[in-house]
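Heads up: the structure comes next, in structure tokens.
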Amino acid sequence: LDSYGMEGVGRVYELYRKGELVSDDEVALIFEPDSFKPLSEPLVNIRYNLELAEERKIINKEVKEKILSIAKSLYYPERDYERVLSIAEGEVEKEVLERLKKFLIADKKDLKREDAIAALKRMKEIREGEDV
């Protein structure tokens, strides 16, 4: 839509723009209707955290791809770290999964949230007349 004047913001937008992401289930999730607390994890967040874990040598590329494949195989409302890692127990060494779990507890990122914050900051800039 940027060809029609929309300004895209964030990493998720860039991944879609470049064609690296094409499916809407990458960003889909379900949430608790009253509090809006997420009840599933968007695939784009799982993908991002697995890439960070690989960069930090917590997992290797093969493990990243196995776990990502498991996550992709799940219907988006059923997709969360606990379920994905539970299924991975039969395919990935226990020690590797434990390292990954510790990483996710301590350093898990929410790419959609980061992008939403960036979009709000950009809207504020536009509203204040910066870089319009």
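Quick note: the sequence shown uses the working numbering, first residue 20, plus one each step. Built from N, CA and C at the ideal position, the CB exists for glycine as well. These numbers come from a predicted model, not from an experiment.
- In the three-state scheme derived from DSSP, where H, G and I count as helix and E and B as strand, Phe55 is classed as coil.
- For Tyr67, the uninterrupted alpha helix (DSSP H) run begins and ends at 62–74, by DSSP.
- Between Val103 and Ile78, the CB-CB gap reaches or exceeds 8 Å.
- Pairwise C-beta distances place the stretch 59–72 in contact with the stretch 128–142, as three or more of them are shorter than 8 Å.
- From the listed residues Lys140, Ala72, Ile106, the smallest Cα separation to Ala125 is found for Ala72.
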